[in-house]
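S.K.:
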Amino acid sequence: MVKIVENSVITYKNFINGEWAASTTNEVTGSINPANKQEIVGYVQSSSRQDVDAAVAAAKQAQKAWRKLSGAQRGDYLYKVANIMEDRIDDIAETMTKEMGKTFPESKGETARGVAILRYYAGEGMRKVGDVIPSTDSEALMFTTRAPLGVVGVISPWNFPVAIPIWKMAPALIYGNTVVLKPAQETAVTAAKVIECFAEAGIPAGVVNLVTGPGSVIGQRIIEHPDINGITFTGSNTVGKRVGQGALARGAKYQLEMGGKNPVIIANDADLDLAVEGTISGGLRSTGQKCTATSRVFVQKDVYDEFKEKLLSKVSEIKVGCGMQGETWMGPCASENQLNTVLSYIQKGKDEGATLLYGGERPAENGTENGFYVQPTIFENVKNDMIIAREEIFGPVLALIKVDTIEEALDLSNDTEFGLSASIYTKNISSMLSFINEMEAGLVRVNAETAGVELQAPFGGMKQSSSHSREQGQAAIEFFTSIKTVFVKA
Ligand code: NDP
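Numbering (my numbering), first residue to last: 22 to 511.
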């Protein structure tokens with residue numbers, strides 16, 4: 022049984038070795054709706070290290086048979102999961118909105134993306150995995166093939182509770198690994214609903230396992246477990262470093278996707294309406310809680326005032342509210358913690374002398390008092406060395422910085438420890454080329470917002486945004502497999 026229903030609120034169990042399993046602790050935590058803190062969306066278990074150990078043992082055992090299936094056979098399972106998830110798209114999306122606040126259309130779009138990712142990697146099971154390399158021995162055949170890592174630990178965040186676990190699990194599975202998923206506790210109900218799709222697709226016992234619980238217990242055990250051969254993580258830099266150091270210490274492979282401080286550059290010749298639209302969408306959609314969210318806005322001085330007026334006018338139209346209400350464009354922060362972090366950064370911006378142009382407060386509208394809402398917020402007179410221009414805020418806060426030239430904008434854009442995504446709005450081909458060549462970011466976009474990621478293309482950052490591997494698209498094979506060089510002499 023997947024769940025126990027008590028007072029109409031469901032408790033979701035772990036999924037271990039093909040069964041929905043009660044934790045050894047018997048402790049549960051409630052997942053709170055950030056739009057209404059009195060509503061509990063569901064309960065999830067606060068599991069123990071022993072639960073992780075059981076999941077890893079099941080995954081290790083299951084991997085022996087799973088790796089022997091052909092890629093096409095493994096792909097058939099992923100197609101089945103995709104179809105089931107597509108049928109449940111509304112329920113999964115509603116759960117996501119109620120658990121972490123993004124609007125229902127955004128949640129539905131993300132779930133549809135999860136379906137598309139599953140289908141994409143199902144197809145990867147039929148594609149080539151190696152090369153023939155001429156041997157110096159004329160009677161030998163030399164080629165490369167790929168071997169799975171074994172058991173992969175997936176530690177995922179709350180901001181994309183469907184897409185991120187799937188873009189880690191689907192490639193792990195198609196290349197012959199088995200998986201133990203530890204989702205963010207904040208969105209573990211949504212994760213359980215994703216795993217229900219795998220269970221109903223009849224994925225063999227032990228191939229996919231779910232263990233919910235605090236990062237400091239469940240995540241830490243994944244870092245330490247000797248039978249976990251690879252760990253893929255998305256989240257904060259602080260935890261990411263811990264994952265990397267722990268994995269390195271015991272020789273496990275690791276992949277870290279972490280924060281960003283993503284710039285957009287608005288050139289004098291930009292289409293300003295397009296630039297405003299991209300800045301708002303990139304910076305404020307999902308309440309700014311994307312690692313690729315626009316944060317620093319460098320505007321060339323000749324168009325600064327016009328851009329600012331247009332931006333303010335459009336931002337003033339944004340409707341903040343519960344993500345399940347049709348007219349809402351921006352939902353609440355995902356948690357009280359996240360709200361407090363955002364408010365503290367807004368205070369730091371004021372303290373450091375930036376000018377608050379718009380927002381900066383909790384909204385006063387009726388119905389928002391029980392949720393973790395904050396207004397869309399815009400600062401100007403920001404210096405690139407201020408805290409609000411240096412640290413990841415992960416909230417709906419934009420910092421406007423006036424620049425003289427594109428070169429200055431590029432220098433300032435690169436003056437950060439992060440390097441995830443960046444964009445420029447310009448019609449000038451040499452400005453575009455300078456930006457493409459000089460921007461130190463894993464994802465650079467021209468006349469498009471910083472936050473667009475396509476599932477068939479590599480995704481990942483430079484500098485402290487990443488451990489420098491890439492997720493998604495065909496690039497995912499590099500992390501989830503090892504190259505095996507084969508030499509055959511007749
Ligand atoms: P965390 O990095 O704490 O959480 C990410 C994942 O790591 C969660 O599954 C979490 O579990 C787990 N985790 C937490 N502590 C440990 C640990 N000691 N060992 C192993 N795993 C652990 O991010 P937060 O949710 O706390 O968000 C804080 C900040 O991180 C945000 O404000 C934002 O700046 C950044 N962030 C960036 C994301 C991105 O996409 N790059 C995504 C999310 C956050 P649990 O939830 O149970 O604590």
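Every residue, glycine too, gets a C-beta built ideally from N, C-alpha and C.
1. Do K282 and S316 come within 8 Å of each other at the CB atom, strictly closer than that value?
2. Quick one: using the 10 Å Cβ neighbour count with 16 as the cut-off for buried, is R95 buried or exposed?
3. Starting from the Cα of I422, find the closest Cα among D326, A209, R148 and E382 and give me that residue.
4. Could you check whether the stretch 148 to 157 touches the stretch 245 to 255, counting it as contact only if at least three pairs of C-beta atoms, one from each stretch, sit closer than 8 Å?
5. Could you give the DSSP three-state label for F254: helix, strand or coil?
6. Does the beta-carbon of M22 have 16 or more other beta-carbons within 10 angstroms, so that it is buried, or is it exposed?
7. Please determine, among G299, G261, T437 and P397, the residue with the shortest C-alpha to C-alpha distance to P178.
8. Check for me: the beta strand (DSSP E) holding W41 runs from which residue to which?
9. From V183, V65 and T506, pick the residue whose C-alpha is nearest to that of E48; which is it?
10. In angstroms, rounded to a whole number, what distance separates the CA positions of G267 and F501?
11. For N35, is the classification buried or exposed, using 16 other Cβ atoms within 10 angstroms of its Cβ as the cut-off for buried?
12. Along the beta strand (DSSP E) that carries L202, what are the first and last residues, could you check?
13. Around the C-beta of R466, are 16 or more other C-beta atoms found within 10 angstroms, so that it is buried, or is it exposed?
14. What do you reckon, is the C-beta of N180 under 7 Å from a heavy atom of the ligand NDP?
15. Thinking just about the alpha-carbon of each residue, which of E428, L476, V474 and Q477 is nearest to the one in L454?
16. CA-CA distance, A270 and S487?
17. Please find out if some non-hydrogen atom of the ligand NDP comes closer than 7 Å to the beta-carbon of S177.
18. In this structure, what does DSSP give as the bridge partners for L231?
19. How many angstroms separate the CA atom of V474 from the CA atom of P384?
20. Is M407 buried or exposed, if buried means 16 or more other CB atoms sit within 10 Å of its CB?
21. Does the distance from the C-beta atom of F328 to that of V363 stay below 8 Å?
22. What do you reckon, is the C-beta of R95 under 7 Å from a heavy atom of the ligand NDP?
23. Using the three-state DSSP reduction, which class does Q493 fall into: helix, strand or coil?
24. Mind checking which residues open and close the alpha helix (DSSP H) that includes V210?
25. Within 10 Å of its beta-carbon, does E492 have 16 or more other beta-carbons around it, so buried, or fewer, so exposed?
26. For E120, is the beta carbon positioned less than 7 Å from some heavy atom of the ligand NDP?
27. Below 8 Å on the Cβ atoms is my contact criterion, and I expect P225 with A83 to pass it. Report the Cβ-Cβ distance as a whole number of Å.
28. Could you tell me the distance, in whole angstroms, from the CA atom of R411 to the CA atom of T398?
29. How do the stretch 202 to 217 and the stretch 48 to 62 stand: do at least 3 beta-carbon pairs fall below 8 Å, yes or no?
30. Kindly examine the ligand NDP and report whether one of its heavy atoms sits closer than 7 Å to the Cβ of P186.
31. Would P284 and S452 qualify as a contact pair, given that the criterion is a beta-carbon distance under 8 Å?
32. Report all residues from its chain with a CB closer than 7 Å to the CB of V196; omit the five preceding and five following residues, and keep chain order.
33. Might you give, ordered along the chain, the residues of its own chain that have their beta carbon closer than 6 Å to the beta carbon of I113, omitting 5 neighbours on each side?
34. Could you check where the alpha helix (DSSP H) with P192 kicks off and where it finishes?
35. For the ligand NDP, is there any heavy atom lying closer than 7 Å to the beta carbon of M190?
36. If you run the structure through DSSP and keep just helix, strand and coil, what is M22?
M.R.: With the structure as the only source:
1. Pairing S316 with K282 gives a Cβ-Cβ distance under 8 Å.
2. buried
3. D326
4. no
5. strand
6. With a pLDDT of only 40 at M22, under 50, the local geometry of the prediction cannot be trusted, and the value read off the model is given with reservation. M22 comes out exposed.
7. G261
8. E40 to A42
9. V65
10. Cα-Cα distance, rounded: 18 Å.
11. buried
12. Here the beta strand (DSSP E) through L202 covers T199 to K203.
13. buried
14. yes
15. E428
16. 18 Å
17. Yes.
18. F36 and L202
19. 30 Å
20. buried
21. no
22. No.
23. coil
24. A209 to E221
25. buried
26. no
27. 6 Å
28. 17 Å
29. In short, these stretches touch, since the Cβ pair count reaches three.
30. no
31. no
32. The sequence shown places Tyr at residue 196, rather than the Val named in the question. Taking C-beta separations shorter than 7 Å and ignoring five residues to either side along the sequence, the partners of Y196 in its chain run R167, P169, I498, F501 and T502, following chain order.
33. Within the same chain, and ignoring the five residues on either side of I113 in sequence, the residues whose Cβ sits closer than 6 Å to its Cβ are T132 and K214.
34. A184 to I195
35. no
36. The pLDDT assigned to M22 is 40, lower than 50, so where the model puts this residue is not dependable; a value taken from the coordinates is nonetheless given after this. DSSP, read as helix, strand or coil, puts M22 in coil.
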